[in-house]
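Numbering (our numbering), first residue to last: 87 to 423.
Note that CB positions come from ideal geometry on N, CA and C, so glycine has one too.
Please read these numbers as outputs of a predicted model, since none were measured by experiment.
Take a look at the structure:
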């Protein structure tokens, strides 16, 4: 846990803008200074320092490289000693590790963790003070990391609550819209003039299908044909035929609609809507006309689609699957589970 916290801390202070000549330093100056002071005086002998660095995760080849670089620099000063002091070695080590990016971060994190966990009976006062400063920094940064985690957790809870409320609001809105569509559909039944009712019904279907995001297109004419409309569903164009007559639709009415679909692309399908349903003979006759090109629904299906929580696309899925499996173009609403 502590190693993870230290790694997070070091990552947060990388690229600190305190370098000389306008460049950027890999790590915070205070951390580097305390680390140098702590390592330089925590042990009496070189081999003890090397052993501690190795146990803390610094590869032996990097320790050896730092020592070799320190010895060369120290010998160039004509000190008379063949071996550089621990402080010079530590400085070279910090330079080398600082250039290793993420892997260097992990090494520094391991060393700082070790300094916080190990006791150093031979350490000089300056080194002990530096170790204590590192401990305090880790403790402070751990508290800050905990604060950030808590704020993040609370923000996620708040975001989740907002999303939940938004979904609830959307559901309430959808519920009311569907109730309104249902009321409008019922009100059309009171229209005595059949022609007026037919125009109103066509407009109603266009608005309802638009709400269901089916990209409807109102009635249009092509050479020799009158199409009540079309819509997009399952990446197919579906022609729409809507009837609101007093009696159930008879089989003879299907021929004209089938003719409109034939001659179009193979993917073109259709939806026949008869508010007052179909005669048994009409539905039976469809199975004798070859592959089904359209399915049939009635006013009860539309009313079901206007119940809160329902959709016309759900009904189309069920009706078309039934047609695919049985060859029956019409599935009464009381048989839909």
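Residue i classed as buried or exposed, judged by whether at least 16 other C-beta atoms fall within 10 angstroms
i, result
"residue 240", "exposed"
"residue 199", "buried"
"residue 223", "buried"
"residue 302", "buried"
"residue 314", "buried"
"residue 379", "buried"
"residue 356", "buried"
"residue 327", "buried"
"residue 384", "buried"
"residue 269", "exposed"
"residue 363", "buried"
"residue 216", "buried"
"residue 424", "Summary: the structure shown does not reach residue 424, with the chain confined to residues 87 through 423, and so no result is reported for it."
"residue 174", "buried"
"residue 393", "exposed"
"residue 205", "exposed"
"residue 229", "exposed"
"residue 160", "buried"
"residue 109", "Below a pLDDT of 50, predicted positions are generally treated as unreliable, and residue 109, at 32, falls in that range; the measurement from the model is reported next regardless. Exposed."
"residue 410", "exposed"
"residue 133", "exposed"
"residue 350", "exposed"
"residue 285", "exposed"
"residue 272", "exposed"
"residue 154", "exposed"
"residue 421", "exposed"
"residue 342", "exposed"
"residue 401", "buried"
"residue 360", "buried"
"residue 172", "buried"
"residue 292", "buried"
"residue 245", "exposed"
"residue 115", "exposed"
"residue 112", "Low local confidence applies: a pLDDT of 43 at residue 112 is under 50, so the model's placement there is unreliable, with the coordinate-based value given in what follows. Classification for residue 112: buried."
"residue 136", "buried"
"residue 407", "exposed"
"residue 320", "exposed"
One or two residues paired with residue i in a DSSP bridge
i, result
"residue 382", "358, 416"
"residue 330", "DSSP output for residue 330 lists no bridge partner at all."
"residue 316", "303, 325"
"residue 431", "In the structure as shown, the chain starts at 87 and stops at 423, and residue 431 therefore has no counterpart that could be examined."
Own chain partners of residue i with C-beta closer than 7 Å, once the 5 adjacent residues on each side are dropped
i, result
"residue 97", "Below a pLDDT of 50, predicted positions are generally treated as unreliable, and residue 97, at 47, falls in that range; the measurement from the model is reported next regardless. So the qualifying residues of the chain are 191."
"residue 419", "386, 387, 390"
"residue 140", "146, 149"
"residue 219", "120"
"residue 243", "none"
"residue 405", "381, 383, 417"
"residue 287", "274, 328, 330"
"residue 177", "122"
"residue 318", "300, 301"
"residue 308", "With a pLDDT of 48 at residue 308, under the threshold of 50, the modelled position of that residue is not reliable, and the figure given next carries that caveat. Taken in chain order, the list of residues that qualify is empty."
"residue 208", "129, 130"
"residue 298", "397, 398, 399"
Own chain residues within Cβ distance below 6 Å of residue i, not counting five before or after
i, result
"residue 181", "none"
"residue 337", "367, 368, 371"
"residue 179", "152"
"residue 142", "196, 197, 200"
"residue 267", "294, 392"
"residue 415", "372, 378, 381, 382, 409"
"residue 221", "202"
"residue 156", "170, 174, 175, 178"
"residue 354", "323, 347"
Contacts around residue i, its chain only, beta-carbon distance under 8 Å, and the 5 residues preceding and following it disregarded
i, result
"residue 183", "144, 148, 190, 193, 194"
"residue 413", "373, 378"
"residue 131", "none"
"residue 107", "With a pLDDT of 32 at residue 107, under the threshold of 50, the predicted position of this residue should be treated as unreliable, though the coordinate-derived value follows. Contacts found: none."
"residue 334", "360, 362, 363, 364, 365, 368"
"residue 296", "302"
Near the ligand HEM: residue i beta-carbon under 8 Å from a heavy atom
i, result
"residue 334", "Absence of the ligand HEM is noted for the structure shown, with no ligands found whatsoever."
Three or more C-beta pairs under 8 Å: does that hold for the region 343 to 360 against the region 258 to 275? no
Are the region 123 to 132 and the region 206 to 222 touching, with three or more C-beta to C-beta distances below 8 Å? yes
Across the region 228 to 236 and the region 246 to 253, are there enough close Cβ pairs to call them in contact, namely three or more that are closer than 8 Å? no
Three CB pairs or more closer than 8 Å across the region 275 to 285 and the region 396 to 408: no
What ranges does the beta strand (DSSP E) occupy inside the region 200 to 254, keeping only unbroken runs of at least 3 residues that lie completely in it? none
Ignoring anything shorter than 4 residues or poking outside the region 267 to 300, list the alpha helix (DSSP H) runs there in chain order. 280 to 297
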